[in-house]
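Q: Okay, here's the structure, questions in a sec.
Protein chains: 2
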Amino acid sequence: MSAPIRFNVCARDGAARTGLLSTPHGEISTPAFMPVGTRGTVKAMAPDELRALGYEMVLANAYHLAVRPGAELVRELGGVHRFMGWQGAVLTDSGGFQAMSLAKINSIDENGICFRSHLDGQRLVLTPESAIEIQEQIGADIMMALDECTAYPAEPARARSSLELTARWAERSLKARRSGNQALFGIVQGGVYPELRRLSAGQITSLAFDGYAVGGLAVGEPKPRMLETAALSAELLPAEKPRYLMGVGTPDDIVAAIGMGYDMFDCVLPTRNARNGSAFTSEGKISIKQARYTRDGSPLDPRCDCRGCRTFSRAYLRHLYLAGEILAARALTEHNLNFYGRLVRSARAAIASGTFNVFSSGVMSAASANEEASDGVKNDVV
Amino acid sequence: MSAPIRFNVCARDGAARTGLLSTPHGEISTPAFMPVGTRGTVKAMAPDELRALGYEMVLANAYHLAVRPGAELVRELGGVHRFMGWQGAVLTDSGGFQAMSLAKINSIDENGICFRSHLDGQRLVLTPESAIEIQEQIGADIMMALDECTAYPAEPARARSSLELTARWAERSLKARRSGNQALFGIVQGGVYPELRRLSAGQITSLAFDGYAVGGLAVGEPKPRMLETAALSAELLPAEKPRYLMGVGTPDDIVAAIGMGYDMFDCVLPTRNARNGSAFTSEGKISIKQARYTRDGSPLDPRCDCRGCRTFSRAYLRHLYLAGEILAARALTEHNLNFYGRLVRSARAAIASGTFNVFSSGVMSAASANEEASDGVKNDVV
């Protein structure tokens, strides 16, 4: 049985690297940002538009698709790619995080997570085995092992028992796998404790996953702790496999993590912020609802080439946003995803040309300048 | 001063005709359907998508744009075309209908319509003169004179006083016009009374408008009365000017009205129904939320070439609709507008080839067959 995915590092610049991830649904240039398509659609976007922005892989959520329309139905309709009309690759999150955070009356034990659907209260159990079965029905190119996402703050003892459970679930996930053309990633936990991250990474990387993810970050911990823990964790993952930093994050956090050697990212920021009227621009974040844009005939970002920036003024987008028009969500989502797409493309080019440090410094100083000049928009953290 | 628009009839087939309407923002092939872009956006659509579906003119609403963001602001930002990022033509409704139906605490007298904004309660007065001023600021290619849209039912005396007021307002509208490159259409009222329609048409067509509209239909009257009144009214309008049947309607009503000699149409049905999960197809209307589509892997309409029908199954669209996803509104809106666009294109081709009767019979018998086989979706009438 040939490996479901292959990963080749193409260029290195310090710890940062570019690579090519070959999946049953095409090749993905890394570092890659995956737009979040929780329910089998990246909110407000059509699949051909994602492709036009340069995206090659999107994320969907096994919990959400299992609750509605049902994983079996997705399988019956030809799998998630055909279901979504998306010709690129798909990674599914196992749904453990959502089962704990969204579902009603949940409890967790050795077996798995018991919960009631957030939609209809139906009683469901997510185990390492059922999470794999669901993801095999959905048909993602990359599946994620069920983990317990350790909350922040967590006492060391709690973080330790959580990572130990995650390790036992990881073994069960690998054993449960049936499909030969779907990759499976394991997830490292350990909270913000370096020794626990080392312990978890040792356990998870001793198992034959196709790639390794770092979870339990960007869940409320201070940013310096997140960055320290992410940096430490990256070093603990094997260099020849793809490294996925889950749920991170802001543009500068992503660039920082690329500098640590991560290859894959997902975050709701570009899409969720867009629907809240917030745009990432080369001059910092813009909250389009602000009165200062009432008569502003300039585009969101004069340096952006997205459809909205070629067509619409800030004043028009503000009007659309205040009127609750769908086109506001569309234009801002497309713009923000174009921003994130350009960011990782630029990072790849900088790594390839050995100028990643210069690129990274530029992004970081722009981020801190924008922080100061910020119009007061706070990140709507995942 | 050259005329702001020119209208040339190209071919006739019975009373039906094709024509070319030349505006400052391009030529429009008639009969034409104008998608409704009330607040300066056709809901869920981007301007380039409307163009790709073959649309050359859209409708915007002067009342809505005057209330928000303000007609003066639209002018300041370069006019409605630039504001919307729309390179085709724009027709603005005067807003009289909305001032009466949407606004709070309204009253009507000889001077105009007093109302409070439905958004913030601000007191506003819409007079024939201010309606022209607003539309000139907005910058539409075609403006509509302020009329009193006679409600249904209305006693003959009420319908008569209403059409008389509309005629006096029509004169005032023409006198108020300042702009030389914006056309102005007058509106015939008269309820469902043939003698009053004759009276109103005589009054309005005696005034030098650039085109003539029939208003006060599709406001609740039985369909046969609507069709009879529309047919009578069409005959009362000069053949050399464009004829606009306002707010109509279903695909079969539009084809019937084309057969009466109307050239222009607008209706919220394709866009509003789409957002309610209802699609027009070659096999009749489909309500995508129905359980029968849960496992249906076929496209909305196998005979449709829109992006959604090339990409998405009914089962996926049902999932998106039930999940409240924006892509459901997008895909169904694009589909329905493609359906309406194809309908008027086919009508134009049939007229040009002298086969309009055959085409019309086909549409009508399909409509009645679909009525019988209907899945119970009722038209969400304007």
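Keeping their order, the protein sequence lines are chains A and B. Read left to right, the first sequence gives residues 786 to 1167 (my numbering). Read left to right, the second sequence gives residues 786 to 1167 (my numbering). Glycine included, every Cβ here is placed at the ideal spot set by N, Cα and C.
What residue from A:Ala1042, A:Met1031 and A:Tyr1029 has the CA that sits closest to A:Pro1009's CA?
A: Mapped onto the first sequence, residue 1009 of chain A falls at position 224. The option with the nearest alpha carbon to A:Pro1009 is A:Ala1042.
Q: Looking at A:Met929: is its Cβ nearer than 8 Å to the Cβ of A:Ala998?
A: As a working note, residue 929 of chain A is residue 144 in the first sequence. As a working note, residue 998 of chain A is residue 213 in the first sequence. Taking 8 Å as the Cβ cut-off, A:Met929 and A:Ala998 qualify as a contacting pair.
Q: Evaluate the contact criterion for the stretch 873-880 of chain A versus the stretch 916-933 of chain A: three or more CB pairs, one atom per stretch, below 8 Å.
A: yes
Q: In angstroms with no decimal places, state the Cα-to-Cα distance between A:Gln872 and A:Cys795.
A: Numbered from its first residue, the first sequence carries residue 872 of chain A at position 87. Numbered from its first residue, the first sequence carries residue 795 of chain A at position 10. C-alpha separation (whole angstroms): 24 Å.
Q: Is the beta carbon of B:Leu838 within less than 7 Å of some heavy atom of the ligand ATP?
A: Ligands in the displayed structure: none, and consequently the ligand ATP is not present.
Q: Using the rule of at least 16 other Cβ atoms within 10 Å of the residue's Cβ for burial, across every protein chain shown, is B:Asp1160 buried or exposed?
A: The residue labelled residue 1160 of chain B in the question sits at position 375 within the second sequence. With a pLDDT of 46 at B:Asp1160, under the threshold of 50, the modelled position of that residue is not reliable, and the figure given next carries that caveat. By the 10 Å Cβ count, B:Asp1160 comes out exposed.
Q: Output the boundary residues of the beta strand (DSSP E) element that contains B:Ile898.
A: Taking the second sequence and counting its residues from 1, one reaches residue 898 of chain B at position 113. Start and end: Ile898 to Arg901.
Q: Is the CB of A:Ile1111 under 8 Å away from at least one CB in chain B?
A: By 1-based counting over the first sequence, the position of residue 1111 of chain A is 326. The C-beta of A:Ile1111 comes closer than 8 Å to at least one C-beta of chain B.
Q: Compute the distance between the beta-carbons of B:Leu981 and B:Gly987, then report whether it is under 8 Å.
A: Start at 1 with the first residue of the second sequence, and residue 981 of chain B comes out as number 196. Start at 1 with the first residue of the second sequence, and residue 987 of chain B comes out as number 202. No; because the gap between Cβ atoms is not below 8 Å, this pair is not in contact.
Q: Can you find a C-beta in chain A that's less than 8 Å from the C-beta of B:Ser902?
A: Counted from its first residue, the second sequence places residue 902 of chain B at position 117. With 8 Å as the cut-off, B:Ser902 does not count as an interface residue toward chain A.
Q: Determine the direct distance from the alpha carbon of B:Ser1067 to that of B:Arg1092, and round the result to whole angstroms.
A: Counted from its first residue, the second sequence places residue 1092 of chain B at position 307. Counted from its first residue, the second sequence places residue 1067 of chain B at position 282. Rounded to whole angstroms, B:Arg1092 to B:Ser1067 spans 16 Å at the Cα level.
Q: Any contact between the stretch 1113-1124 of chain A and the stretch 816-829 of chain A? By contact I mean 3 or more CB pairs, one from each, below 8 Å.
A: yes
Q: Quick one: any contact between the stretch 949-964 of chain B and the stretch 1002-1020 of chain B, if contact means 3 or more CB pairs under 8 Å?
A: no
Q: Closer than 8 Å, CB to CB, is B:His1104 near chain A or not?
A: Residue mapping note: residue 1104 of chain B aligns to position 319 of the second sequence, counting from 1. B:His1104 counts as touching chain A.
Q: Could you tell me the alpha carbon to alpha carbon distance between B:Gln883 and B:Val821, rounded to whole angstroms?
A: Within the second sequence, the letter at position 98 stands for residue 883 of chain B. Within the second sequence, the letter at position 36 stands for residue 821 of chain B. Cα to Cα, the separation comes out at about 14 Å.
Q: Could you check whether the stretch 830-840 of chain A touches the stretch 789-804 of chain A, counting it as contact only if at least three pairs of C-beta atoms, one from each stretch, sit closer than 8 Å?
A: no
Q: Does A:Phe1097 come within less than 8 Å of chain B when only Cβ atoms are used?
A: Mapped onto the first sequence, residue 1097 of chain A falls at position 312. Judged by the 8 Å Cβ criterion, A:Phe1097 is in contact with chain B.
Q: Does any residue of chain A have a CB that is nearer than 8 Å to the CB of B:Gly1082?
A: Here residue 1082 of chain B corresponds to residue number 297 of the second sequence, with the count starting at 1. For B:Gly1082, the answer is yes, since a Cβ of chain A falls inside 8 Å of its Cβ.
Q: Is B:Ala1114 close to chain A? Criterion is C-beta to C-beta, closer than 8 Å.
A: For the purposes of this step, residue 1114 of chain B is identified with residue 329 of the second sequence, where counting begins at 1. Judged by the 8 Å Cβ criterion, B:Ala1114 is in contact with chain A.
Q: According to DSSP, what are the bridge partners of B:Lys889?
A: Taking the second sequence and counting its residues from 1, the one referred to as residue 889 of chain B is at position 104. In the DSSP assignment, B:Lys889 is bridged to B:Arg901.
Q: Contact criterion: CB-CB distance below 8 Å. Does A:Phe792 meet it with respect to chain B?
A: The sequence position of residue 792 of chain A within the first sequence is 7, counting from 1. Not an interface residue.
Q: By the three-class DSSP mapping on this structure, what secondary structure does A:Met830 have?
A: As a position in the first sequence, residue 830 of chain A is number 45, starting the count at 1. Under the three-state reduction of DSSP, A:Met830 is assigned to coil, being neither helix nor strand.
Q: Using a Cβ-Cβ cutoff of less than 6 Å, which residues in the same chain neighbour A:Gln920 once the five nearest sequence positions on both sides are dropped?
A: The count along the first sequence starts at 1 and reaches residue 920 of chain A at position 135. Once the five neighbours on either side are set aside, the close Cβ partners of A:Gln920 are Ala847, Thr877 and Met928.
Q: Under 8 Å between the Cβ atoms of B:Gly773 and B:Gly1034?
A: An answer regarding residue 773 of chain B cannot be provided, because it is not within the stretch 786 to 1167 covered by chain B.
Q: Does A:Glu940 pass the burial test, meaning 16 or more other C-beta atoms within 10 Å, or should it be called exposed?
A: Position 155 of the first sequence, counted from the first residue, corresponds to residue 940 of chain A. It is exposed - the Cβ of A:Glu940 has fewer than 16 other Cβ atoms within 10 Å.
Q: If B:Ser1098 and B:Gly1082 are in contact, beta carbons under 8 Å, what's the gap, nearest whole angstrom?
A: Residue 1098 of chain B sits at position 313 when you count from the first residue of the second sequence. Residue 1082 of chain B sits at position 297 when you count from the first residue of the second sequence. Right, their Cβ atoms sit about 5 Å apart.
Q: Where does A:Ile1073 sit, in a helix, a strand or coil, going by DSSP?
A: Counted from its first residue, the first sequence places residue 1073 of chain A at position 288. Reduced to three states, the DSSP call for A:Ile1073 is coil.
Q: For A:Leu838, which of helix, strand or coil comes out of DSSP?
A: Numbered from 1 along the first sequence, position 53 holds the residue referred to as residue 838 of chain A. A:Leu838: coil per DSSP, three-state reduction.
Q: For a contact meaning CB atoms closer than 8 Å, what does A:Leu862 contact in chain B?
A: Taking the first sequence and counting its residues from 1, the one referred to as residue 862 of chain A is at position 77. Result: Arg1080, Gly1082, Ser1098, Ala1100 and Tyr1101.
Q: So with CB distances below 8 Å, who are the chain B contacts of A:Leu844?
A: Working through the first sequence from its first residue, we reach residue 844 of chain A at position 59. None at all; the shortest Cβ gap to chain B is about 15 Å.
Q: Contact defined as beta carbons within less than 8 Å: I believe B:Leu904 pairs with B:Val852. What is the distance between those atoms, to the nearest angstrom?
A: By one-based count along the second sequence, residue 904 of chain B stands at place 119. By one-based count along the second sequence, residue 852 of chain B stands at place 67. Going by Cβ atoms, the distance from B:Leu904 to B:Val852 rounds to 6 Å, so yes, they are a contact pair.
Q: DSSP beta-bridge partners for A:Met819?
A: In the first sequence, the residue the question calls residue 819 of chain A occupies position 34. The partner list for A:Met819 (beta bridge, DSSP) reads A:Asp1051.
Q: Within the 8 Å Cβ cut-off, does B:Pro832 reach chain A?
A: Within the second sequence, residue 832 of chain B is the residue found at index 47, counting from 1. Yes, B:Pro832 lies at the interface with chain A (some Cβ there is under 8 Å from its Cβ).
Q: Using a Cβ-Cβ cut-off of 6 Å (strictly less than) and excluding sequence neighbours within five positions of B:Phe1141, which residues of its own chain qualify?
A: The count along the second sequence starts at 1 and reaches residue 1141 of chain B at position 356. Same-chain partners within the cutoff: Asp798, Ala801 and Ala1135.
Q: Would you please verify whether the beta carbon of B:Lys828 is less than 8 Å from any beta carbon of chain A?
A: Residue mapping note: residue 828 of chain B aligns to position 43 of the second sequence, counting from 1. Cβ-Cβ to chain A under 8 Å: yes for B:Lys828.
Q: Can you list, in chain order, the residues of its chain with a C-beta nearer than 7 Å to that of B:Ala1100? Leave out the 5 residues immediately preceding and following it.
A: For the purposes of this step, residue 1100 of chain B is taken as residue 315 along the second sequence, with counting starting at 1. Answer for B:Ala1100: Tyr1078, Thr1079, Arg1080, Asp1081 and Gly1082, listed in chain order.
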